[in-house]
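Visitor: Got a structure for you, written out below as structure tokens; questions coming shortly.
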Amino acid sequence: MPIQILDQNTINKIAAGEVIERPASVVKELAENAIDAMATAVTIEIKDGGISFIRITDNGCGIDKGEIPMAFLRHSTSKIKSVEDLMCVRSLGFRGEALSSIAAVAQIELITKTKEAFTGVRYVIEGGKEQNMEDIGAPDGTTFIVRNLFYNTPVRRKFLKTATTEAGYVSALVEHLAFSHPEVSFRFINNGQNKLYTSGNGSLKDIIYHVNGRDIATNLLEVSAKTQDIQISGFIGKPMISRGNRTYENYFINGRYIKSNIITRAIEEGYKGYIMQHQYPFTALHFTIEQSIIDVNVHPTKMELRFSQNEFVYDFVLNAIRNTLSGRELVPEVRLSRSENVPVNKTRPAEPFEVKRMAAEAAKDKKNSTAGLTAAPAAIGHTLRQAYVSDTIPPKQLREDPAEYKTTTAIEPSAAPAARPPEAPVPETLQKSASPAPEQLSLITPDDTASIPKPVLVGQVFDTYWIIQFEDKMFIMDQHAAHEKILYERTMHRLESGSIDMQIIAPPVILSLNMREKEVLSQNIDIFTRLGFEIESFGGNEYKVTGMPATLPSLDDRELLMDIIDSLMEEGGASSKPELITQRVASMSCKAAVKGNMRMSFAEAQNLVEELMNADNPYNCPHGRPTLISMSKYELEKKFKRIV
21 MPIQILDQNT
31 INKIAAGEVI
41 ERPASVVKEL
51 AENAIDAMAT
61 AVTIEIKDGG
71 ISFIRITDNG
81 CGIDKGEIPM
91 AFLRHSTSKI
101 KSVEDLMCVR
111 SLGFRGEALS
121 SIAAVAQIEL
131 ITKTKEAFTG
141 VRYVIEGGKE
151 QNMEDIGAPD
161 GTTFIVRNLF
171 YNTPVRRKFL
181 KTATTEAGYV
191 SALVEHLAFS
201 HPEVSFRFIN
211 NGQNKLYTSG
221 NGSLKDIIYH
231 VNGRDIATNL
241 LEVSAKTQDI
251 QISGFIGKPM
261 ISRGNRTYEN
271 YFINGRYIKS
281 NIITRAIEEG
291 YKGYIMQHQY
301 PFTALHFTIE
311 QSIIDVNVHP
321 TKMELRFSQN
331 EFVYDFVLNA
341 IRNTLSGREL
351 VPEVRLSRSE
361 NVPVNKTRPA
371 EPFEVKRMAA
381 EAAKDKKNST
391 AGLTAAPAAI
401 GHTLRQAYVS
411 DTIPPKQLRE
421 DPAEYKTTTA
431 IEPSAAPAAR
441 PPEAPVPETL
451 QKSASPAPEQ
461 LSLITPDDTA
471 SIPKPVLVGQ
481 VFDTYWIIQF
491 EDKMFIMDQH
501 AAHEKILYER
511 TMHRLESGSI
521 DMQIIAPPVI
531 LSLNMREKEV
541 LSQNIDIFTR
551 LGFEIESFGG
561 NEYKVTGMPA
571 TLPSLDDREL
581 LMDIIDSLME
591 EGGASSKPEL
601 ITQRVASMSC
611 KAAVKGNMRM
621 SFAEAQNLVE
631 ELMNADNPYN
641 CPHGRPTLIS
651 MSKYELEKKF
661 KRIV
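Start counting the sequence shown at 21; every next residue gets the next number (my numbering).
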């Protein structure tokens, strides 16, 4: 077949296929043009999913009459003039392909008027061919009416979904537009029914309420962080409102809805340990990034971009998420049914598991009111941690006869206070390390520690859950998840400080490995060493294990090692990324923690509660399961009809 040049009509239809895939593509291009035209109000109306009718009206600057025919030519734009402008483009559109692509596959009617003009202009173009242009009366701004999408390309039209499905795509797009530009008022009408309206008052939280509802809007955490090249603001959801897909994971870069694997991985890594596996957070984040470190011209629909500093962006987002989640009260509450109204509680909620943050806040207040003090507030949290907590829960006590402590876990009103044992003594080694430096003593006094209320351990149910009373709240603690979290944080702290202890095994454990297992072990021997294992070759296919991490008692040494090797094989073998180590520590902690249906003594549970109070993240185990749930006194009294 001879080579020949395609005619312009065919070229336009092929090019349109890259930009216009479905009705939502038309809405996206025209709505973004309205935003670029400085519109403060945009109305989007569709019928039959946008296949037969789309109307977009804005109050922007309009188009001059003499420029209208030129606007429908390929690569005609007012956004850039040269390739150098791509390095600093701030508009949503810049290629000059949208109008020509839409006009090639649909029937378009344009009504526009600039502020300076006396009359408006009506312009009609169908299939890329101009049909009519006339002066008419019109308000300032622009209205696009797009009819019969893909009327002249039946193959493309055949691949569209049902009208309901296509309308769903448009609806999701309008929500993204509203999130990305809170300062613009959006109205969405589908088949004559108002589906969404935003006021354009600039409040992102108001838009979240209108789009996602009250449950999400009342469980948000505000994010704010800034560096020289990147600024982030917006909201993320508390772990309790996570979802089974990434639908609610939205972020916007310089006002543009974007999908980025780097940002997605950073967000989800920041939530690790707060939500369960295969659950995804709610995010509505705005990024302002210097144009010099991004390239938006890498995708036909501009849905993706490229960063020149991937690692920097990843670390910045990860730290912003982690800093926002840390030090917050994140205990899931047991809610009343919707028919039972809960009064607005304006008092500060009870926070027994916020010892570190409360102590830091108290130190900050005292530092501001006392001259000449230079100690860091973090020292108080450290002092309280050392004064409160015994270093380990003695493993031997987990196996004592249940009859020995059956009376201590009873919840009889008269017996419970008397049965409560005194606090466990602090080991001598901890007493030495707990002695504060002189500058610490200047910030914390006996009155400070006495003023911090302590939770009251009530008893145990189902040999798994412990009931804790604190002020006007009842907390229920899962002993396995709580112990797992304590072991995990203890091991991670020692890993970070390089002071993890190793316990000598006698006799040593002998492992017999196949060729693949040997390869994985040798490639990741540094991970095993950091975790506190001492492993050496024993000849042939055998390895001798002479040391195990001392922080994890009661483990089957051989089973743990083989589990770690098996998981490394599943993940592709050679890898020494930090998250790989955290996954191994989480697995080790889970196996070493006290299990459900295993009785604990009252003293052990007391130590568990006190150490959990001082954890960095006391609310979730390393795999994301909650360690605690709570119920207020009001909610209990409402259930028992003491409050009507």
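Glycine included, each C-beta is placed from N, C-alpha and C at the ideal position.
All of these numbers come straight from a predicted model, not from anything done at the bench.
1. What's the gap between the Cα of Gln251 and the Cα of Ala198?
2. Per DSSP, what are the beta-bridge partners of Phe208 in this structure?
3. Taking the alpha-carbon positions, what's the Val175 to Ala187 distance?
4. Taking 6 Å as the limit between beta carbons, can you name the residues of its chain near Arg142, skipping five residues before and five after?
5. Can you check DSSP and say which residues form a bridge with Asp78?
6. Can you grab the Cα-Cα spacing for the pair Ile282 / Tyr271, in whole Å?
7. Exposed or buried, which one is Gly644 when buried takes at least 16 other CB atoms within 10 Å?
8. Which one of Ser45, Gly86 and Phe553 has the shortest CA to CA distance from Glu117?
9. Is it buried or exposed for Ile25, if we count other Cβ within 10 angstroms and need 16 for buried?
10. On the three-state DSSP scale, how would you describe Asn640?
11. DSSP on Arg42, reduced to helix/strand/coil?
12. Mapping the DSSP letters down to three states, classify Thr511 as helix, strand or coil.
13. Are the stretch 64–81 and the stretch 199–217 touching, with three or more C-beta to C-beta distances below 8 Å?
14. Do Tyr563 and Leu533 count as a contact pair if the criterion is CB distance below 8 Å?
15. Would DSSP call Gln297 helix, strand or coil?
16. For Pro466, count neighbouring Cβ atoms within 10 angstroms of its own Cβ and tell me buried if that reaches 16, exposed if not.
17. Is the beta carbon of Glu324 sitting closer than 8 Å to the one on Ile278?
18. Is it buried or exposed, Val333, if we count other Cβ atoms within 10 angstroms and call 16 or more buried?
19. Taking Phe164 and Leu93 to be in contact with their CB atoms under 8 Å, please state how far apart those CB atoms are, rounded to whole angstroms.
20. So does the stretch 637–652 actually touch the stretch 302–315, counting three or more Cβ pairs closer than 8 Å?
21. Roughly how many angstroms separate the alpha carbons of Gln499 and Glu537, rounded to a whole number?
22. Among Val204, Leu216 and Gly82, whose alpha-carbon lies nearest the alpha-carbon of Gly222?
23. From the DSSP output, in three-state form, read off Lys133 for me.
24. Rank His503, Asp249 and Asp235 by C-alpha distance to the C-alpha of Arg263 and give the top, closest one.
25. Entirely within the stretch 258–293 and at least 3 residues each: give me those beta strand (DSSP E) ranges in chain order.
26. Expressed to the nearest angstrom, what Euclidean distance is found between the alpha-carbon atoms of Asn152 and Glu129?
27. Which stretch, first to last residue, makes up the beta strand (DSSP E) that contains Ala304?
28. Label Thr429 either buried or exposed according to how many other C-beta atoms from any shown protein chain fall within 10 Å of its C-beta, with 16 as the threshold for buried.
29. Identify every residue that forms a DSSP beta bridge with Met153.
30. Could you give the C-beta distance for Leu581 and Lys611, rounded to a whole number, given that I count them as a contact under 8 Å?
31. Which residues in the same chain as Phe660 place their Cβ atom closer than 8 Å to its Cβ, once the five residues preceding and following it in sequence are excluded?
32. What number of angstroms, rounded off, separates the C-alpha of Asn365 from the C-alpha of Asp492?
33. Within 10 angstroms of the Cβ of Gln297, are there 16 or more other Cβ atoms? Answer buried if so, exposed if not.
34. For the beta strand (DSSP E) containing Lys493, list its first residue and its last residue.
35. What separation, rounded to the nearest whole angstrom, lies between the Cα atoms of Ser328 and Leu112?
36. Exposed or buried, His503, counting other C-beta atoms within 10 Å across all chains shown (16 or more means buried)?
Guide: This is what the structure gives:
1. 20 Å
2. Ile64 and Leu216
3. 20 Å
4. Ile131, Glu154 and Ile156
5. Val62 and Thr162
6. 12 Å
7. buried
8. Ser45
9. exposed
10. strand
11. coil
12. helix
13. yes
14. yes
15. coil
16. Legend: pLDDT at Pro466 = 44, less than 50; position of this residue unreliable, no value from coordinates given.
17. yes
18. buried
19. About 17 Å separates the two Cβ atoms, so there is no contact after all.
20. no
21. 34 Å
22. Val204
23. strand
24. Asp235
25. 269–273
26. 9 Å
27. Thr303 to Ile309
28. At Thr429 the pLDDT is 36, less than 50, meaning the model places this residue with poor confidence; the figure from the coordinates comes in the next sentence. Thr429 should be labelled buried.
29. Tyr143
30. Not quite, the Cβ-Cβ distance comes to about 11 Å (not below 8 Å), so this is no contact.
31. none
32. Low confidence applies here, because Asn365 scores a pLDDT of 49, under 50, leaving its location unreliable; read the following figure in that light. Taking the straight line joining both Cα atoms gives about 12 Å.
33. exposed
34. Lys493 to Asp498
35. 20 Å
36. buried
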